[in-house]
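Chemist: Residue numbers (the working numbering): 6 to 119. By construction, the Cβ of each residue, glycine as well, lies at the ideal position given by its N, Cα and C atoms. Please read through the structure below; I'll follow up with questions.
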């Protein structure tokens with residue numbers, strides 16, 4: 006697995022998103038950097054339709070290939086969510102995640118220096 010270093014010198018917090026974000030939960034927790042870790046839990050059919058519409062609009066592959074790929078991802082989604090929660094992320098709906106992050110910011114988390 007490749008690694009990349011990044012600096013957060015003046016940032017009070019950062020958000021890692023995407024299917025691989027759960028990979029860093031354990032290390033962030035170990036370093037005391039973790040305020041929360043969430044894996045989005047959405048209706049699978051909505052995710053399937055949103056992905057299919059995006060992929061069809063991009064026209065990178067034929068519709069049949071995109072449909073078959075989308076169905077495979079639809080079936081795999083519960084396993085992906087289990088893996089992410091197994092790595093320490095909490096399954097939550099998008100609006101719940103936004104509310105929790107807003108709460109962290111309002112509370113000044115992490116505490117500001119100065």
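To the nearest angstrom, how far is the alpha carbon of residue 92 from that of residue 12?
Modeler: Here residue 92 is taken as the residue at index 87 of the chain shown, counted from 1. Here residue 12 is taken as the residue at index 7 of the chain shown, counted from 1. Rounded to whole angstroms, residue 92 to residue 12 spans 23 Å at the Cα level.
Chemist: On the three-state DSSP scale, how would you describe residue 77?
Modeler: Reading the chain shown from its first residue, position 72 is the one you call residue 77. Residue 77: helix per DSSP, three-state reduction.
Chemist: Helix, strand or coil for residue 7, going by three-state DSSP, please let me know.
Modeler: By 1-based counting over the chain shown, the position of residue 7 is 2. Note: residue 7 maps to coil in three-state DSSP.
Chemist: Measure the C-alpha to C-alpha separation of residue 102 and residue 65 and round it to an integer number of angstroms.
Modeler: What you label residue 102 is simply residue 97 of the chain shown in a count that begins at 1. What you label residue 65 is simply residue 60 of the chain shown in a count that begins at 1. The alpha-carbon atoms of residue 102 and residue 65 are separated by roughly 32 Å.
Chemist: Can you tell me where the alpha helix (DSSP H) with residue 63 in it begins and where it stops?
Modeler: As a first step, residue 63 is located in the chain shown; it is residue number 58 there, counting from the start. First-last of the alpha helix (DSSP H) with residue 63: 49–63.
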